[in-house]
Amino acid sequence: GQQLNQSPQSMFIQEGEDVSMNCTSSSIFNTWLWYKQDPGEGPVLLIALYKAGELTSNGRLTAQFGITRKDSFLNISASIPSDVGIYFCAGPPMDSNYQLIWGAGTKLIIKP
Amino acid sequence: DTGVSQNPRHKITKRGQNVTFRCDPISEHNRLYWYRQTLGQGPEFLTYFQNEAQLEKSRLLSDRFSAERPKGSFSTLEIQRTEQGDSAMYLCASSPPIPLYEQYFGPGTRLTVT
Chain A
-11 GQQLNQSPQS MFIQEGEDVS MNCTSSSIFN TWLWYKQDPG EGPVLLIALY KAGELTSNGR
49 LTAQFGITRK DSFLNISASI PSDVGIYFCA GPPMDSNYQL IWGAGTKLII KP
Chain B
5 DTGVSQNPRH KITKRGQNVT FRCDPISEHN RLYWYRQTLG QGPEFLTYFQ NEAQLEKSRL
65 LSDRFSAERP KGSFSTLEIQ RTEQGDSAMY LCASSPPIPL YEQYFGPGTR LTVT
């Protein structure tokens, strides 16, 4: 079945740094979603992308829908402590109109 | 607060017991989803309701699992004869008719089976 691969698995960042992460698939997606999850909480929707090449921002977050439709990227500018958490990409598989499949997440950790 | 709510937030049960979780979606959302999440993984789809109709079920949803949404509003997920492998976070999400794929999640119910 379709799978989403996220990289890196984790990143240590210093406050103020820019962060980049990506999500790839061996098959095409028509929608990409980026979520953030804090410990013990449900995922929170950050950005939704619907068109190949689309670039969408939400505050300091910017996400892009890759031109090949097999990847997506999330950038966070000028990171702050509350950016710590796990970032997931998700998308609807071709054989379903309802469910989402998810990557394993990128864990963001602030360097002490 | 008009977000998705789930109860209880935590449940500890002994192996073999039955448990039931409740989800109250955002009121204007007609679509409701259940997912399961284990440590270090993304959520895995379990089942989907459009109004009161259960339209899609994952093969992860064994015979011991059943979900209902009797009046198209709140939903319940029941696990019978719990096993240690059922220990996970159970997440509920809801979405409006459009946009189709933007799902909004509740805080989850953490199940521990001892």
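Those sequence lines, one after another, are chains A and B.
Its first residue numbered -11, the first sequence is counted upward by one per residue in the numbering used here.
Its first residue numbered 5, the second sequence is counted upward by one per residue in the numbering used here.
Even glycine gets a Cβ: it sits at the ideal position worked out from N, Cα and C.
These numbers come from a predicted model, not from an experiment.
Between the C-alpha atoms of A:F0 and A:D83 there is a straight-line separation of about 36 Å. Along the stretch 81 to 93 of chain A, going in chain order, the ones with a CB nearer than 8 Å to a CB of chain B are S84, N85, Y86, Q87, L88, I89, W90, G91, A92 and G93. The residues V8, L36 and S98, in chain order, have a CB closer than 6 Å to that of B:P29 in the same chain once the five nearest residues on each side in sequence are set aside.
Counting only Cβ-Cβ distances below 8 Å, A:E29 has contacts in chain B at P111 and G112, in chain order. Taking the Cα positions, A:P80 is about 19 Å away from A:L43. For B:P74, the nearest beta carbon of chain A is not closer than 7 Å to its own beta carbon. The beta carbon of B:R19 sits closer than 8 Å to the beta carbons of T86, E87, Q88, V117 and T118 from its chain, once the five residues preceding and following it are set aside; these are given in chain order. For A:T44, none of the residues of chain B pass the 7 Å Cβ criterion, the least Cβ distance being about 13 Å. Approximately 6 Å separates the beta-carbon atoms of B:Y94 and B:F25; this is inside 8 Å, confirming the contact. A:Y75 is the residue among A:Y75, A:K99 and A:C11 whose C-alpha sits nearest the C-alpha of A:V32. Leaving aside the five residues that flank B:H14 on each side, the residues in its chain whose CB is nearer than 6 Å to its CB run, in chain order, R114.
Closest in C-alpha terms to B:G76, from the list B:L59, B:R68, B:C96 and B:Q54, comes B:Q54.
The DSSP-derived three-state label of B:G89 is helix.
Residue state for A:S70 is assigned as helix, using DSSP reduced to three classes.
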